[in-house]
Amino acid sequence: MVIKELKSPVVRSRILGWVAVYSFLVVPLWGAGCSRSLQAVPPEALRSQAADASNAPKSTADSPVLEVPPTQTYLINPGDQLHISVRRRSDLGVLIDETLLVPPDGKLPFPLIGELSASGQTVAEVRDKLTTFLSEFIVSPVVTVALTKVTKSKVYVLGEVKNPGIYTIETNTSALEALAMAGGLTPSARRSFVLLLRGDGSPTGGDRADLVKLDLKRLIETADVKQNVLLQRNDVLYVPPNFGAKTDRLFQHVGSVLTPLAPIIGLVGTAIIVSGSSGN
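For what it's worth, our numbering labels the leading residue of the sequence shown as 1, then goes sequentially.
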């Protein structure tokens with residue numbers, strides 16, 4: 001469930017500080033609606049993920065490039081490689097055939113149209129944009145876009161986990177797998193209210209974010225796969241302490257959230273106070 005869509009530019013760490021403070025001072029405020037749907041992990045994958053949770057190592061593969069993921073929902077990132085070809089519908093000859101690396105600013109240089117924003121878009125969205133722009137120069141263009149290489153992504157796992165920090169993940173890594181990389185939850189973790197902060201997929205984090213509640217207790221007990229979403233680049237997972245945790249422990253976590261994020265993540269936000277279900 002998305003609790004709140006956050007807007008107006010502010011430092012993301014400030015938002016997470018409020019999220020941590022929420023765990024101690026709760027005011028009910030429920031919202032709904034999501035700027036994009038979140039992918040859940042299929043049921044058949046749940047048992048193996050849960051079984052491996054306590055032993056899963058941090059992702060440390062040598063190569064920064066991964067196998068190509070499913071492209072229907074994958075959002076293109078800087079460093080990804082695209083192969084683009086263009087032909088006329090009435091002609092089998094290829095007019096443009098380019099293999100391009102998405103630059104850090106996320107804008108692809110392309111013949112005839114100059115630059116095209118690709119970061120944060122799906123392959124289909126890039127294809128449709130190219131088709132529209134090229135129609136001004138080519139009669140009935142047929143555009144093919146293929147994702148040929150992808151870069152690894154980093155996520156932030158913070159709060160009541162054994163090894164909080166920044167983790168490198170592969171494509172189709174779930175929230176449960178990321179928590180396993182961080183050594184699993186501590187005894188004082190609030191399992192029923194894990195928070196996922198997600199930006200819009202752009203290189204700079206964009207101008208909005210979604211704050212999503214994940215109920216790991218429900219995930220394990222009822223196999224509710226909607227609670228085990230697939231992560232994206234720069235996602236932040238925050239596990240707050242439960243209500244029985246000591247006050248000094250809570251404020252240690254406020255610091256642990258603010259300190260590592262302040263110099264590296266800029267996003268959006270207004271002060272938010274949200275609530276979750278009871279229990280840990």
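The C-beta atom is built at its ideal place from N, Cα and C for all residues, glycine as well.
Nearest to residue i by CA position, among the options, is which residue?
| i | options | result |
| --- | --- | --- |
| Asp-241 | Val-86, Tyr-167 and Ser-192 | In the sequence as displayed, the identity of residue 241 is Pro instead of Asp. Ranking Val-86, Tyr-167 and Ser-192 by Cα distance to Pro-241 puts Ser-192 first. |
| Gly-114 | Thr-151, Asp-224 and Leu-130 | Leu-130 |
| Thr-186 | Lys-213, Thr-173, Leu-158 and Arg-198 | Leu-158 |
| Gln-232 | Asp-105, Thr-122 and Glu-221 | Thr-122 |
| Val-139 | Arg-198, Asp-91 and Val-239 | Asp-91 |
| Val-239 | Gly-183, Asp-224 and Val-126 | Gly-183 |
| Leu-176 | Ala-124, Ile-220, Val-212 and Pro-104 | Ile-220 |
| Thr-73 | Lys-213, Ala-124 and Pro-103 | Ala-124 |
| Val-212 | Pro-104, Gln-227 and Glu-136 | Gln-227 |
Can you give me the Cβ contacts of residue i inside the same chain, cut-off strictly under 7 Å, excluding the 5 residues immediately before and after it?
| i | result |
| --- | --- |
| Ser-59 | Residue confidence for Ser-59 is low, a pLDDT of 39 falling below 50, so the modelled location carries little weight; the figure read from the coordinates is stated next. For Ser-59, where only same-chain residues beyond five positions count, the Cβ hits under 7 Å are Tyr-167, Thr-168, Ile-169, Glu-170 and Met-181. |
| Pro-109 | Glu-115 |
| Asp-224 | Arg-218 |
Based on the DSSP secondary-structure assignment, which residues constitute the bridge partners of residue i?
| i | result |
| --- | --- |
| Phe-110 | Gly-114 |
| Lys-226 | The partner list for Lys-226 (beta bridge, DSSP) is empty, contrary to what the question assumes. |
| Thr-99 | His-83 |
| Tyr-238 | Leu-158 and Leu-195 |
| Lys-217 | Paired residues: none, contrary to the question. |
| Leu-75 | In DSSP, Leu-75 forms no bridge with anything. |
| Leu-185 | Val-161 |
| Arg-88 | Pro-141 |
Could you give the C-beta distance for residue i and residue j, rounded to a whole number, given that I count them as a contact under 8 Å?
| i | j | result |
| --- | --- | --- |
| Ala-189 | Glu-160 | 4 Å |
| Ala-119 | Asn-77 | Ala is not the amino acid found at residue 119; the sequence shown has Ser there. With 8 Å as the limit, Ser-119 and Asn-77 qualify as a contact, their Cβ atoms being about 6 Å apart. |
| Leu-194 | Leu-216 | Residue identity differs from the one stated: residue 194 is Val in this sequence, not Leu. With a Cβ gap of about 6 Å, Val-194 and Leu-216 count as contacting. |
| Leu-315 | Leu-82 | Given a span of 1 to 280 for the chain in the structure shown, any question on residue 315 remains unanswerable. |
| Asp-80 | Lys-149 | 6 Å |
Using C-beta distances below 8 Å, list every residue in its chain close to residue i, excluding the 5 sequence neighbours before and after it, in chain order.
| i | result |
| --- | --- |
| Lys-107 | Glu-115, Leu-116, Ser-117, Ala-118 and Ser-119 |
| Leu-134 | Val-86, Leu-112, Ile-113, Pro-141 and Val-143 |
| Lys-154 | Ile-166, Tyr-167, Thr-168, Ile-169, Arg-233 and Asn-234 |
| Arg-127 | Val-143, Thr-144 and Val-145 |
| Val-102 | Ile-76, Asn-77, Pro-78, Gly-79, Asp-80, Gln-81, Leu-82, Leu-108, Ala-118 and Ser-119 |
| Thr-222 | none |
Among the residues of its own chain, which have a CB less than 6 Å from the CB of residue i, if the five just before and after it don't count?
| i | result |
| --- | --- |
| Thr-99 | His-83 |
| Thr-173 | Leu-231 |
| Val-94 | Ser-85 and Arg-87 |
| Tyr-156 | Ile-166 and Val-236 |
| Phe-137 | Leu-112 |
| Arg-89 | Ser-140 and Val-142 |
| Thr-132 | none |
| Pro-104 | Pro-78 |
Contained beta strand (DSSP E) runs [length at least 3] in the segment 101 to 181, N- to C-terminal order: 107 to 110, 114 to 117, 141 to 151, 153 to 159 and 165 to 169
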